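Number of protein chains: 2
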Amino acid sequence: MPSEFELIARYFSPPTDHTILAGGDDAALIEVSPGMALAVSTDMLVAGRHFFEDADPFSIGLKSLAVNLSDLAAMGATPRWATLSLAIPAADEQWLAAFSSGFLSLARRYRVDLIGGDTTRGPLTICVQIMGEVPQGLALMRSGAQTGDDVWVSGTLGDATLALAHLNGEIALSPEEFESAKSRLERPEARVALGEALRGIASAAIDISDGFVADLGHVTERSRVRAIAHLEAIPRSPLGLRYKDLPVGQRCALAGGDDYELCFTSAPVHRARLEELARRLQLPLTRAGRIEAGEGVLVIDAQGQPVSLRERGFDHFG
Amino acid sequence: MPSEFELIARYFSPPTDHTILAGGDDAALIEVSPGMALAVSTDMLVAGRHFFEDADPFSIGLKSLAVNLSDLAAMGATPRWATLSLAIPAADEQWLAAFSSGFLSLARRYRVDLIGGDTTRGPLTICVQIMGEVPQGLALMRSGAQTGDDVWVSGTLGDATLALAHLNGEIALSPEEFESAKSRLERPEARVALGEALRGIASAAIDISDGFVADLGHVTERSRVRAIAHLEAIPRSPLGLRYKDLPVGQRCALAGGDDYELCFTSAPVHRARLEELARRLQLPLTRAGRIEAGEGVLVIDAQGQPVSLRERGFDHFG
Chain A
256 MPSEFELIAR
266 YFSPPTDHTI
276 LAGGDDAALI
286 EVSPGMALAV
296 STDMLVAGRH
306 FFEDADPFSI
316 GLKSLAVNLS
326 DLAAMGATPR
336 WATLSLAIPA
346 ADEQWLAAFS
356 SGFLSLARRY
366 RVDLIGGDTT
376 RGPLTICVQI
386 MGEVPQGLAL
396 MRSGAQTGDD
406 VWVSGTLGDA
416 TLALAHLNGE
426 IALSPEEFES
436 AKSRLERPEA
446 RVALGEALRG
456 IASAAIDISD
466 GFVADLGHVT
476 ERSRVRAIAH
486 LEAIPRSPLG
496 LRYKDLPVGQ
506 RCALAGGDDY
516 ELCFTSAPVH
526 RARLEELARR
536 LQLPLTRAGR
546 IEAGEGVLVI
556 DAQGQPVSLR
566 ERGFDHFG
Chain B
256 MPSEFELIAR
266 YFSPPTDHTI
276 LAGGDDAALI
286 EVSPGMALAV
296 STDMLVAGRH
306 FFEDADPFSI
316 GLKSLAVNLS
326 DLAAMGATPR
336 WATLSLAIPA
346 ADEQWLAAFS
356 SGFLSLARRY
366 RVDLIGGDTT
376 RGPLTICVQI
386 MGEVPQGLAL
396 MRSGAQTGDD
406 VWVSGTLGDA
416 TLALAHLNGE
426 IALSPEEFES
436 AKSRLERPEA
446 RVALGEALRG
456 IASAAIDISD
466 GFVADLGHVT
476 ERSRVRAIAH
486 LEAIPRSPLG
496 LRYKDLPVGQ
506 RCALAGGDDY
516 ELCFTSAPVH
526 RARLEELARR
536 LQLPLTRAGR
546 IEAGEGVLVI
556 DAQGQPVSLR
566 ERGFDHFG
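These protein sequences, in sequence, are chains A and B. For what it's worth, our numbering labels the leading residue of the first sequence as 256, then goes sequentially. For what it's worth, our numbering labels the leading residue of the second sequence as 256, then goes sequentially.
Now the structure itself:
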């Protein structure tokens, strides 16, 4: 069986582009560009919890980087470097080759240097740390929402959770519908270009990983404001629209995690710029609510009635 | 049961000292000091492999940071920031409180800001990433050893592995001996001050986590040189000296990991400075060999005979 060193050399030592020293020493060495703050985020993914143990390893590799890219997008940071730690039950080279290929395909696309990591034997667990640059003072934080701001959402919400609902037997999607929903679940698109473009435009931002209401709730809590959102305005895919008026569809749109779209707030003066930005990025940006004085998140239906929010965001220990 | 957010707030949100934004957002924000490179390292620790599942959680917390500090010490970097990701089978608050207390006690001692992390349910797994600063161009790398350099070792080698040999029933230590050896295993001292002081003095450095011969071998491989080490010169504790001439004692000193001392190379012109440094740090620094042209590591016994090195460094997949 190949040694840890051989596995790392074979699958996790791609060439780097903007790194002083990567891999093979006690630490990697990088230089942060002048005038830039370093944004640092980390996510741990556990088999059976964050992905199915038998899921396609290319997708697992891709998703483990994508969820971290999404965190940087929500800060308005440009991803630059990552480390990858991996516990695997056995040195299954076919699995490692596919996993590494998924991870590195996305790393190449975003010019992220994989600069180090750790490999050990253990229950399948992936820990990625991502580092990116954002001009000092321009990072998008959860705490910046202001009374009077609009609440915006990128893309569409709910499809990733509809895929899970299908897998749980709660709904029955056609094979084509399932494939499309599953790709949202397994291969999320991090909104990196959007995050960068929102510097100076968004007052606050977050990525939707716990669900729209829960994540918008993090913004209102940190910003000490209240958000009013309109159920009808929450952007859905053609598939999501089919389930729009069913409880499962509402739950997926309001409380479904795993979509990795951005939710952000912005002063109304920026509306035209944001519409222009949506055209440029070919990514729908939808105004779904507004920020008021107060606290919490209130969702209102087409009749102007508050929607009961028994379904709250996914909480690992809740 | 408390939520993930409550657990993080309670146990993993200490005040920070030199961080723009820590915790509670999609990413942390830090600023690297002008003229400094950022050294980045990560280690993943799995229960049952890197520590005993029932080990005292204070020690597990402390060790999970210590092994990362040791990596930075080996680069000559000053530790500044860390992230901590944790998969735990259940939200056992007593365990978390002790773990956090061990981790944070060491973080405070070295003024390391805990800036972020992730908490999830899963088989007990800890992933720490450490970031530190080192003046540009002064990092200690494995690749810098030169023909004619001395090979130095800090502290003493072998005690951590003697504790394991006792636990395996291979040797029988007295309760006092075991306690002292176990503290080397469970609460290693990272040689941070030594690493910083070696900038400009050491030509190469590594921390001894896989065993003296294996780790010195990483230096010779990267530096394309050969090392000659003297078995009799390898520094031992009073306990280690008792086992010095037994095979188990030789194995622990040559191939035992987990001591987290530094092994470094340095031109003979620096000997007096290193002896002075040892006095100042109150840490023995021992010349244990020299660097020649060639490749590999050769260990010679008191009779001048090569020592057979069937026991090689610990390799997770070997």
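Built from N, CA and C at the ideal position, the CB exists for glycine as well. Everything numeric in this text was worked out from a predicted model, so none of it was measured.
Which residues in chain B have a C-beta closer than 9 Å to the C-beta of residue i? List them in chain order.
{"i": "Asp514 of chain A", "result": "Residues of chain B passing the Cβ test: none, with the nearest at roughly 15 Å."}
{"i": "Ala452 of chain A", "result": "The contacting residues do not exist; Ala452 of chain A stays about 16 Å from chain B at best."}
Please say whether residue j and residue i have beta carbons closer to each other than 8 Å?
{"i": "Pro378 of chain A", "j": "Ala310 of chain A", "result": "no"}
{"i": "Pro312 of chain B", "j": "Gly357 of chain B", "result": "yes"}
{"i": "Glu451 of chain A", "j": "Thr338 of chain A", "result": "no"}
{"i": "Ala294 of chain A", "j": "Gly387 of chain A", "result": "yes"}
{"i": "Ala329 of chain B", "j": "Ile456 of chain B", "result": "no"}
{"i": "Val524 of chain B", "j": "Val468 of chain B", "result": "no"}
{"i": "Val367 of chain B", "j": "Gly331 of chain B", "result": "no"}
{"i": "Glu411 of chain B", "j": "Val474 of chain B", "result": "For the sequence presented, residue 411 of chain B should be read as Thr rather than Glu. Cβ distance not < 8 Å, so Thr411 of chain B and Val474 of chain B don't count as in contact."}
{"i": "Ser325 of chain A", "j": "Pro443 of chain A", "result": "yes"}
{"i": "Ala543 of chain A", "j": "Ala488 of chain A", "result": "yes"}
{"i": "Asp465 of chain A", "j": "Gly512 of chain A", "result": "yes"}
{"i": "Cys382 of chain A", "j": "Ser340 of chain B", "result": "yes"}
{"i": "Pro257 of chain A", "j": "Ala346 of chain A", "result": "yes"}
{"i": "Leu327 of chain A", "j": "Ser296 of chain A", "result": "yes"}
{"i": "Ala548 of chain A", "j": "Val503 of chain A", "result": "no"}
{"i": "Arg454 of chain A", "j": "Leu393 of chain A", "result": "yes"}
I need the boundaries of the beta strand (DSSP E) containing residue i, first residue and last residue.
{"i": "Met330 of chain A", "result": "From DSSP, Met330 of chain A is part of no beta strand (DSSP E) but of the alpha helix (DSSP H) over Pro312 to Met330."}
{"i": "Gln384 of chain A", "result": "Thr380 to Pro390"}
{"i": "Ile343 of chain A", "result": "Thr333 to Ile343"}
{"i": "Phe519 of chain A", "result": "Leu517 to Ser521"}
{"i": "Ala448 of chain A", "result": "Here Ala448 of chain A belongs to no beta strand (DSSP E); instead the alpha helix (DSSP H) covers Val447 to Ala452."}
{"i": "Glu547 of chain B", "result": "Leu540 to Glu547"}
{"i": "Gly371 of chain A", "result": "Asp368 to Arg376"}
{"i": "Val524 of chain A", "result": "Careful: Val524 of chain A lies outside any beta strand (DSSP E) and carries neither H nor E."}
Taking residue i and residue j to be in contact with their CB atoms under 8 Å, please state how far apart those CB atoms are, rounded to whole angstroms.
{"i": "Arg265 of chain A", "j": "Asp405 of chain A", "result": "Wrong, their Cβ atoms sit about 49 Å apart, outside the cutoff."}
{"i": "Ile370 of chain B", "j": "Ala292 of chain A", "result": "12 Å between Cβ atoms; not a contact."}
{"i": "Val408 of chain A", "j": "Thr541 of chain A", "result": "5 Å"}
{"i": "Gly316 of chain B", "j": "Ser355 of chain B", "result": "6 Å"}
{"i": "Thr374 of chain B", "j": "Glu259 of chain B", "result": "5 Å"}
{"i": "Ser435 of chain B", "j": "Leu494 of chain B", "result": "6 Å"}
{"i": "Arg439 of chain A", "j": "Ala418 of chain A", "result": "7 Å"}
{"i": "Asp298 of chain B", "j": "Met396 of chain A", "result": "No, Asp298 of chain B and Met396 of chain A are not in contact; Cβ-Cβ is about 29 Å, not under 8 Å."}
Determine the chain A residues that contact residue i at a beta-carbon separation under 7 Å, and present them in chain order.
{"i": "Leu276 of chain B", "result": "Met396"}
{"i": "Asp326 of chain B", "result": "Asp281 and Ala282"}
Note down, in chain order, every chain B residue with its Cβ under 7 Å from the Cβ of residue i.
{"i": "Cys382 of chain A", "result": "Met299, Ser340 and Cys382"}
{"i": "Tyr461 of chain A", "result": "Looking at the sequence itself, residue 461 of chain A is Ile, so the reference to Tyr does not match. Those are Asp281, listed as they occur along chain B."}
{"i": "Ala332 of chain A", "result": "Ala282"}
Check the Cβ of residue i against every Cβ in chain A and list those closer than 9 Å, keeping chain order.
{"i": "Ile637 of chain B", "result": "Since the first residue shown for chain B is 256 and the last is 573, residue 637 of chain B is missing from the structure and cannot be characterised."}
{"i": "Ala362 of chain B", "result": "Neighbours of Ala362 of chain B on chain A: none; closest Cβ ~16 Å, over 9 Å."}
{"i": "Ala329 of chain B", "result": "Asp280, Asp281 and Ala282"}
Could you spell out where the alpha helix (DSSP H) holding residue i opens and where it closes?
{"i": "Ser416 of chain B", "result": "Reading the sequence as shown, one finds Thr at residue 416 of chain B and not Ser. Taken as a continuous stretch (DSSP letters only), the alpha helix (DSSP H) holding Thr416 of chain B covers Asp414 to Leu422."}
{"i": "Ile461 of chain A", "result": "Not the alpha helix (DSSP H): Ile461 of chain A falls in the beta strand (DSSP E), residues Ala457 to Asp462."}
{"i": "Ser288 of chain A", "result": "Neither: Ser288 of chain A is in no alpha helix (DSSP H) and is coded neither H nor E."}
{"i": "Gly410 of chain B", "result": "Note, Gly410 of chain B: premise wrong, no alpha helix (DSSP H); not H, not E."}
{"i": "His473 of chain A", "result": "Phe467 to Ser478"}
{"i": "Gly504 of chain B", "result": "Pro502 to Ala510"}
{"i": "Ile483 of chain A", "result": "Per DSSP, Ile483 of chain A belongs to no alpha helix (DSSP H); it is in the beta strand (DSSP E), Arg481 to His485."}
{"i": "Asp551 of chain A", "result": "Correcting the residue type first, residue 551 of chain A is Gly in the shown sequence and not Asp. Where Gly551 of chain A is concerned, there is no enclosing alpha helix (DSSP H), although the beta strand (DSSP E) it sits in stretches over Gly551 to Ile555."}
{"i": "Gly495 of chain B", "result": "Pro493 to Arg497"}
{"i": "Ala353 of chain B", "result": "Glu348 to Arg364"}
{"i": "Ala264 of chain B", "result": "Glu259 to Tyr266"}
{"i": "Glu431 of chain A", "result": "Pro430 to Glu441"}
Is residue i near the ligand SAM, with its Cβ less than 7 Å from a heavy atom?
{"i": "Ser288 of chain B", "result": "For the structure depicted, the ligand SAM is absent and the ligand set is empty, with no information on it obtainable."}
List, in order along the chain, the chain A residues whose C-beta lies closer than 8 Å to that of residue i?
{"i": "Ala445 of chain B", "result": "The premise fails here: Ala445 of chain B is roughly 11 Å from chain A at the closest Cβ pair, so nothing lies under 8 Å."}
Item checked: Against chain B: residues of the region 284-308 of chain A by CB proximity under 7 Å -> If the cut-off is 7 Å between Cβ atoms, the region 284-308 of chain A has Leu284, Ile285, Glu286, Val287, Ala292, Leu293, Ala294, Val295, Ser296, Thr297, Asp298, Met299, Val301 and Arg304 near chain B.
Item checked: Residues of the region 366-380 of chain A whose Cβ lies closer than 8 Å to any Cβ of chain B, in chain order -> Ile370, Gly371, Gly372, Asp373, Thr374, Thr375, Arg376, Gly377, Pro378 and Thr380
Next item on the list: Using a Cβ-Cβ cut-off of less than 9 Å, give me the residues of the region 532-552 of chain B that come near chain A, in sequence order.
Entry: none
Next item on the list: Output, in sequence order along the chain, the residues in the region 401-418 of chain B whose CB is closer than 9 Å to any CB in chain A.
Entry: none
Margin query: Along the region 466-496 of chain B, where does the CB come closer than 9 Å to a CB of chain A? Name the residues.
Written below: Cβ contacts with chain A come from His473 and Arg477.
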